[in-house]
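As structure tokens, the structure follows; a few thoughts come after it.
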Amino acid sequence: MRKEGRLPPGQVLTEKFPVLHYGPIPAFDPQNWDFSFWGEVEKPLKLNWEEFSRLPHTRATYDLHCVTRWSKFDTHWEGVSIKTLIDEGLLVIKPSARFVIQHAEHGFSANLPLEIVLSERFLLATHMDGQPITPEHGFPVRGLVGAVPGQQAEQDVYLWKGAKWIRSLEFASQDRKGFWEMAGY
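This is the structure we're talking about:
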């Protein structure tokens, strides 16, 4: 993997999928769960779990890189692509949008440039390896930023920039620090 350029400097290959997060794993109640797209959008969109589950799904294979120095290759995911929502007219982003803030349970947030969220590198992931993601990995939905095998990216965005237990995407004209940046990382 290193020879192919898929293992970033300082990273170590793992076959496991380590569990790292801040705070407790939130309970999931499908009757009260919702997801919102808001901010610099033409019309805010709020969906309950049943509506979110019916959104068009995309399958993708990613290499995952964690800032704690592990990498896992060729992971298989399924979820909602923001680009697909736009292409199907379900979401219209204003030209003023430049960043996306992922808002998750327990006040956690993660910021990303809009171009990453619109790329095939970002997914609102619901499944891994054909199964719903586990609660410790973000069930029911996690923002997932992965490297696309065989594609060189201008910048590697590590797994910490995808929020677990995500509840909304805020499209913003200006960047704001996410949880870890506000904590000094």
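Counting in the working numbering, the sequence shown runs from 1085 upward without gaps. Where is the CB? At the ideal position from N, CA and C, for every residue including glycine. Because the structure is a prediction, the values reported are computed rather than measured.
- Message: Assuming residue 1129 is part of the beta strand (DSSP E), what are its boundary residues?
- Response: 1129-1132
- Item | Meets three-Cβ-pair contact criterion under 8 Å: the stretch 1246-1264 and the stretch 1091-1100 | Contact fails: fewer than three Cβ-Cβ distances are below 8 Å.
- Task: Thinking residue 1196 and residue 1183 are a contact (beta carbons under 8 Å), I'd like their distance in whole angstroms, please.
- Result: 7 Å
- Taking all protein chains shown into account, decide if residue 1186 is buried (16 or more other Cβ within 10 angstroms of its Cβ) or exposed. buried
- Just to confirm, are residue 1121 and residue 1224 a CB contact at a threshold of 8 Å? no
- Item | Beta bridge counterpart(s) of residue 1115 as assigned by DSSP | Paired residues: none, contrary to the question.
- Can you name the start and end residues of the alpha helix (DSSP H) that residue 1168 belongs to? 1166-1171
- Hey, residue 1217 and residue 1226: beta-carbon distance below 8 Å or not? yes
- Query: For residue 1085 versus residue 1157, is the C-beta distance shorter than 8 Å?
  - Reply: Yes; because the gap between Cβ atoms is below 8 Å, this pair is in contact.
- What first and last residue would you give for the alpha helix (DSSP H) that runs through residue 1207? First-last for residue 1207: 1206-1212, but that is the beta strand (DSSP E), not the alpha helix (DSSP H).
- Message: By alpha-carbon positions, which one of 1199, 1150, 1180, 1128 ends up nearest to residue 1247?
- Response: 1150
- Query: Tell me, which residues are paired with residue 1281 by DSSP?
  - Reply: Past the boundaries of the shown model lies residue 1281; the chain is included only from 1085 to 1269, so the question cannot be answered.
- Query: In whole angstroms, what is the alpha-carbon distance linking residue 1136 and residue 1114?
  - Reply: 11 Å
- Query: Roughly how many angstroms lie between the CA atoms of residue 1257 and residue 1159, to the nearest whole one?
  - Reply: 32 Å
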